[in-house]
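Here's the structure, in C-alpha cells; my notes come after.
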Amino acid sequence: MLQYNKNMRSCEVATISEDPSSSLASLQQGIDGLRGCAASGLSAEALTPLLRSAFALRNQLDSAITQLVGALDQQLPVADGDPDDPVISCAAWLRDELHMTGSAAWGQVRLARQLRDLPATAAAFAGGELSYQHTMAVVRTVDRVALGAGGSGRAQVAELMLLDEAREHNPHDLLMWGRHLRHRLDPAELADEEDEQHRRQWLNLNRTWNGGYDLEGHLDAEAGTTLKVALQGVLGPRRKDDERSPGQRRAAGLAEIARRCLDSGELPVRGGVRPHIIVTATLETLRGDPGSPAAELDWGFPISGDSLRRIACDADLTPILLSKEGNPLYVGRARRTASPRMRKALAQRDRHCVWDRCDRPPDWCQGHHRDLWAQGGPTDVDRLSLLCTPHHRMFHRGHRLRRLPDGRVEEVTPERPAMVHGPGIHGPPPAA
Ligand SMILES: [Zn+2]
Ligand SMILES: [Zn+2]
Numbered sequence: 003m004l005q006y007n008k009n010m011r012s013c014e015v016a017t018i019s020e021d022p023s024s025s026l027a028s029l030q031q032g033i034d035g036l037r038g039c040a041a042s043g044l045s046a047e048a049l050t051p052l053l054r055s056a057f058a059l060r061n062q063l064d065s066a067i068t069q070l071v072g073a074l075d076q077q078l079p080v081a082d083g084d085p086d087d088p089v090i091s092c093a094a095w096l097r098d099e100l101h102m103t104g105s106a107a108w109g110q111v112r113l114a115r116q117l118r119d120l121p122a123t124a125a126a127f128a129g130g131e132l133s134y135q136h137t138m139a140v141v142r143t144v145d146r147v148a149l150g151a152g153g154s155g156r157a158q159v160a161e162l163m164l165l166d167e168a169r170e171h172n173p174h175d176l177l178m179w180g181r182h183l184r185h186r187l188d189p190a191e192l193a194d195e196e197d198e199q200h201r202r203q204w205l206n207l208n209r210t211w212n213g214g215y216d217l218e219g220h221l222d223a224e225a226g227t228t229l230k231v232a233l234q235g236v237l238g239p240r241r242k243d244d245e246r247s248p249g250q251r252r253a254a255g256l257a258e259i260a261r262r263c264l265d266s267g268e269l270p271v272r273g274g275v276r277p278h279i280i281v282t283a284t285l286e287t288l289r290g291d292p293g294s295p296a297a298e299l300d301w302g303f304p305i306s307g308d309s310l311r312r313i314a315c316d317a318d319l320t321p322i323l324l325s326k327e328g329n330p331l332y333v334g335r336a337r338r339t340a341s342p343r344m345r346k347a348l349a350q351r352d353r354h355c356v357w358d359r360c361d362r363p364p365d366w367c368q369g370h371h372r373d374l375w376a377q378g379g380p381t382d383v384d385r386l387s388l389l390c391t392p393h394h395r396m397f398h399r400g401h402r403l404r405r406l407p408d409g410r411v412e413e414v415t416p417e418r419p420a421m422v423h424g425p426g427i428h429g430p431p432p433a434a
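According to our numbering, the sequence shown is numbered sequentially starting from 3.
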C-alpha cells in the first residue's frame, strides 16, 4: 500500500512511479479483502475501526481519482472556444464514457483544477481526512471568499479555518458554516451570490399530450422557501386517512395555492377581467345528456362532464347562446353560484367539509350545489354544502356516504362513472 504524507507532491511522485495495472491489481486485492471481512461475521468492536479506516482509504482513493482526472484534463487538447466549457474535453469524456451527469462531471474536473491552488486542502483530501463532499464544500467556499474583499489573502485564512471546522461538521453544515464565514468577511460577496442565484431562476411549464403539465425549474433560496412554506400552510399536517404520496400532496397543494390566488380576486385585471380559468360547454353536456360532447378547458382541451360540473359548482357561469354556426347570439351576465354572503352563511352552518370525518376548513372548500340548475333547482344556502377539493372531486365521480344501521358511515364507491348532480346558477339561460 502507498504511504501518503501530507505533501501532495510526494504522493504524486509515488503514484506515477507505480505501474498502472499493478496499482489497480493491488487496489482490487484490498477491495476483495474488505468484502471478505463483510461476510466473515465480525463483531461490532472489530467492524467500527475497520469502517473508519476504510472510509479514510475511500477518501484517499477519491483524492487519487481526482488527481487522475486533473492529469487527463491537462492532457486533453482544449477544442476551440472556452476552456471552461463543460461540453468539451475531460468533463465531456467523463459524462459520455463514464455516464456521469453533466454537472457531476464538470464538478469533478473543476475540483481537480481548483485543488492545484489549494495545497492544504489537497493534502487533507489526499491524507483521507477530508471526504470528497467535504473537499467540495471547502473549495466552493474558498472560491467565493476569493471573489470578495481581501481576495486571495483572505481566501488562504478562510481555507485553514474551514479545514479546522471540517473535523466537526458534515459537508452540508460545513457549507452553511462557510456562508456565515463569508458574510463575516464580506457581506456584499454573499449578497452578490444571491443576486446570481436569483437571475438563474427558471420555470418551465410544458403542456403534455394529455393536457397535463410537466413542471421543471429552479428557484432561489428565498422563492423556494416561500413556496415551501405556502405549501406547508395550505396542506397542513397530514391526516391519517390521507393516502396520497408526499409528491401527490405537493401537487395538490400547488394547485390549491393557485386556485385560492384566483379566487381571492386580488390579481390585477388583464384585458378587462380578473384572471380566471374558462370552461365552455353546451347545455346538454352540463346536464349530462347521453351523447353530449365533452366540455372544453381554456378554449380547447376536452374535459369530462364530471369535471365540468365540479368546476362549475363554485364558479362564475356566463351563459352564452350560440347559433348553429357557432356564433354567439347572446352573452349573459356572469353569476357566481354562491354569492359571498351565501358563502359566509354556508361557512357558518357547515363549519368544515361535510364529508364524514373531514374537518378541512371553509377556505379549503367549494360550495357544492345539490340541484341541477338546468332542471330548475334553486340556489339557496339550503341546497349548498361545503366540500373540500378532494371530496368535491370524489362526489362528482359518484362517491357517496351511507349511514349504516349501527350509526357508522361508510363510503359507497361508484361501480361506473355515475351521473351526478350538476351546478347551480341563478335562473335558467335566456330562451332562444
Ligand atoms: Zn359540486
Ligand atoms: Zn373533505
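Think of the CB as a built atom: it goes at the ideal place given N, C-alpha and C, for glycine as much as any other residue.
- In the structure shown, Pro392 falls within a helical segment according to DSSP collapsed to helix, strand and coil.
- Taking 8 Å as the cut-off, the C-beta of His370 does not count as close to any heavy atom of ligand 2.
- Phe303 is bridged by DSSP to Leu299.
- Going down the chain, each residue whose beta-carbon is closer than 7 Å to a heavy atom of ligand 2 shows up: Cys355, Trp357, Cys360, Arg362, Leu389, Cys390, Pro392 and His393.
- Its Cα nearest to that of Arg251, the residue Arg240 stands out among Arg240, Ser341 and Ala126.
- By alpha-carbon distance to Leu117, the top candidate from Gly104, Tyr134 and Met102 is Tyr134.
- Per DSSP, the continuous alpha helix (DSSP H) segment holding Ile67 begins and ends at Ala46 to Gln77.
- Using a Cβ distance threshold of 9 Å, Glu258 and Leu229 do not count as a contacting pair.
- The beta carbon of Ala56 sits closer than 8 Å to those of Leu36, all from its chain and outside the five residues before and after it, given in chain order.
- Around the beta-carbon of Glu412, fewer than 16 other beta-carbon atoms lie within 10 Å, marking it exposed.
- Under the Cβ criterion (8 Å, minimum of three pairs), the segment 362-371 counts as touching the segment 386-398.
- Cys367 sits in a strand when the DSSP states are folded into three classes.
- For the 9 Å CB-CB criterion, Leu205 and His220 form a contact.
- Taken through DSSP and simplified to helix, strand or coil, Ser309 comes out as helix.
- Residues of the same chain with a CB within less than 7 Å of the CB of Leu165, apart from the 5 flanking positions on each side, are Ala122, Thr123, Ala126 and Val140 in chain order.
- Per DSSP, the unbroken beta strand (DSSP E) holding Ile322 starts and ends at Ile322 to Leu324.
- Going by C-alpha positions, Ser154 is about 37 Å away from Leu53.
- Between ligand 1 and Cys315, a heavy atom-to-CB distance of less than 8 Å is present.
- Using a Cβ-Cβ distance cut-off of 8 Å, the segment 98-112 and the segment 167-183 are not in contact, since fewer than three pairs of beta carbons, one from each stretch, lie closer than that value.
- In the three-state reduction of the DSSP assignment, Thr137 falls in the helix class, which pools H, G and I.
- Taking the Cα positions, Arg184 is about 41 Å away from Glu47.
- Of the heavy atoms belonging to ligand 1, none sits nearer than 8 Å to the Cβ of His278.
- Sequence-distant Cβ neighbours of Met178 in its own chain, meaning closer than 7 Å and more than five residues away, do not exist here.
- Judged by DSSP in its simplified three-state form, Val414 adopts strand.
- Listed in chain order, the beta strand (DSSP E) runs fully inside the segment 192-270 are 204-209 and 215-220, counting runs of at least 3 residues.
- DSSP places Arg97 in the helix class (H, G or I) of the three-state scheme.
- Of the other Cβ atoms in all chains shown, 16 or more fall within 10 Å of the Cβ of Cys367; this residue is therefore buried.
- Boundaries of the beta strand (DSSP E) around Val333: Pro330 to Val333.
- The shortest CA-to-CA distance from Glu417 to any of Arg399, Asp145, Gly409 and Asp382 is the one to Arg399.
- Distances between the C-beta of Arg289 and the heavy atoms of ligand 1 are all 8 Å or more.
- One thing to note: Pro270 has its Cβ within 9 Å of the Cβ of Arg276.
- The Cβ atoms of Leu149 and Asp194 lie closer than 9 Å to each other.
- By the beta-carbon neighbour count (other beta carbons within 10 angstroms, threshold 16), Arg272 is exposed.
- DSSP, reduced to helix, strand and coil, places Leu183 within a helical segment of the structure shown.
- Per DSSP, the continuous beta strand (DSSP E) segment holding Arg405 begins and ends at Arg402 to Arg405.
- In the structure shown, Arg272 falls within a strand segment according to DSSP collapsed to helix, strand and coil.
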